[in-house]
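Asks:
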Ligand code: G
Ligand code: G
Ligand code: MN
Ligand code: NA
């Protein structure tokens, strides 16, 4: 297909780039990390959102090349920010299920960390619950990633089939509450109950909990009131280019 062929050449043509979204401590506003979010600026198609090309990249196998590029660029960006005077504590990078099926994920991650000089502890890999539940060797790879010092976050938490027994076995540090629960927090009692339950679960298992998709002060206050002090969302900052993140956070924080 035409679009597939264009996607395959997107990296070499410099059409792929990253946006970074801040993750903050709600009570202090302190920057605790950023999430890398991939973008494709195609001359023919315009700005293509990841929901339109990630699954295509997964189907064609291009995701391995793309995922490697995203990780490399994310780690390099952390070093560049530092050289410019901004220490971003952590970078969160999304991994696709297909990247686990290849088997070489741990050596890829270690090689990129070694080459860029980024400490493994400053990298947090994000996987969804379905990645963990549906990938045969996921547990092995996740333990290997933990062994080299990288962190693990469960993305979109609450939307998949989270086996709580599985969660207990995993060397995971962070749960990200899916933004679908945060959206109607002030009007939907079920969403409120689910959010509170996830916060409590995180506390019991000694995990960090980050709320995603926080768009209003009311949502942030609800989270703080209920014991969740970490958030990501438009209220605190949209995904932006590296320079914009630097301009906003340098000196302050
Ligand atoms: O910005 P948003 O539209 O950025 O992202 C939409 C979806 O695309 C999210 O579910 C996000 O996890 C996914 N996504 C964004 N960047 C990456 C990436 O680098 N790799 C993978 N596998 N998924 C990504
Ligand atoms: O990896 P994940 O599925 O968590 O990707 C995050 C997605 O959520 C990206 O598409 C990002 O652009 C989007 N996003 C981040 N903050 C907000 C927000 O406050 N509101 C909405 N609607 N989307 C957000
Ligand atoms: Mn994510
Ligand atoms: Na999410």
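Numbering (full-length UniProt numbering), first residue to last: 789 to 1041.
The beta-carbon is built from N, C-alpha and C at its ideal position, and this holds for glycine as well.
(1) Roughly how many whole angstroms lie between the Cα atoms of residue 995 and residue 963?
(2) Ends of the beta strand (DSSP E) at residue 1024?
(3) Using a Cβ-Cβ cut-off of 6 Å (strictly less than) and excluding sequence neighbours within five positions of residue 1016, which residues of its own chain qualify?
(4) Under DSSP, the alpha helix (DSSP H) around residue 846 begins and ends at which residues?
(5) Where residue 854 and residue 870 are concerned, what is the direct C-alpha to C-alpha distance, given to the nearest angstrom?
(6) For the beta strand (DSSP E) containing residue 964, list its first residue and its last residue.
(7) When you compare the CB of residue 1035 with every CB in chain C, is at least one pair closer than 8 Å?
(8) What do you reckon, is the C-beta of residue 809 under 7 Å from a heavy atom of ligand 2?
(9) Thinking residue 1020 and residue 887 are a contact (beta carbons under 8 Å), I'd like their distance in whole angstroms, please.
(10) Using the beta-carbon count (16 or more within 10 Å), is residue 1033 buried or exposed?
(11) In terms of alpha-carbon separation, which member of 993, 1006, 896 and 845 lies closest to residue 859?
(12) Please list the segments of the alpha helix (DSSP H) lying wholly inside the segment 898-953, counting only runs of 4 or more residues, in order along the chain.
(13) Distance, Cα to Cα, residue 945 vs residue 847?
(14) Let me know if residue 957 comes out buried or exposed under the rule of 16 or more other beta-carbons within 10 Å of its beta-carbon.
(15) Hey, is residue 917 close to ligand 3, as in C-beta under 7 Å from one of its heavy atoms?
(16) May I ask you to verify whether the segment 964-977 touches the segment 828-836, counting CB pairs closer than 8 Å and requiring at least 3?
Replies: From the atom records:
(1) Locating residue 995 in the chain shown gives position 207, counting from the first residue. Locating residue 963 in the chain shown gives position 175, counting from the first residue. Near 7 Å, if we compare the C-alpha coordinates of residue 963 and residue 995.
(2) Counting from one through the chain shown, the residue named residue 1024 turns up at place 236. Element bounds for residue 1024: n/a, residue is neither H nor E.
(3) By 1-based counting over the chain shown, the position of residue 1016 is 228. Contacts found: 987, 997 and 999.
(4) Position 58 of the chain shown holds residue 846. Where residue 846 is concerned, the enclosing alpha helix (DSSP H) stretches over 838-848.
(5) On the chain shown, position 66 is the one that residue 854 refers to. On the chain shown, position 82 is the one that residue 870 refers to. Approximately 24 Å, taken between the alpha carbons.
(6) On the chain shown, residue 964 is found 176 positions in, with the first residue counted as 1. Element bounds for residue 964: 962-965.
(7) The structure shown contains no chain C; it holds only a single protein chain.
(8) Along the chain shown, one-based indexing puts residue 809 at 21. Within the cutoff, so yes.
(9) Taking the chain shown and counting its residues from 1, one reaches residue 1020 at position 232. Taking the chain shown and counting its residues from 1, one reaches residue 887 at position 99. Between residue 887 and residue 1020 the Cβ distance is about 22 Å, and since that is not below 8 Å, they are no contact.
(10) Sequence index remark: in the chain shown, residue 1033 carries index 245 (1-based). When all chains shown are included, residue 1033 counts as buried.
(11) The residue given as residue 859 occupies position 71 in the chain shown. Nearest of 993, 1006, 896 and 845 to residue 859, Cα basis: 896.
(12) 917-922 and 926-935
(13) For the purposes of this step, residue 945 is taken as residue 157 along the chain shown, with counting starting at 1. For the purposes of this step, residue 847 is taken as residue 59 along the chain shown, with counting starting at 1. So the alpha carbons of these two residues sit roughly 24 Å apart.
(14) What you label residue 957 is simply residue 169 of the chain shown in a count that begins at 1. Its Cβ having fewer than 16 others within 10 Å, residue 957 is exposed.
(15) One-based indexing of the chain shown puts residue 917 at position 129. Not so, every heavy atom of ligand 3 lies at least 7 Å from the Cβ.
(16) no
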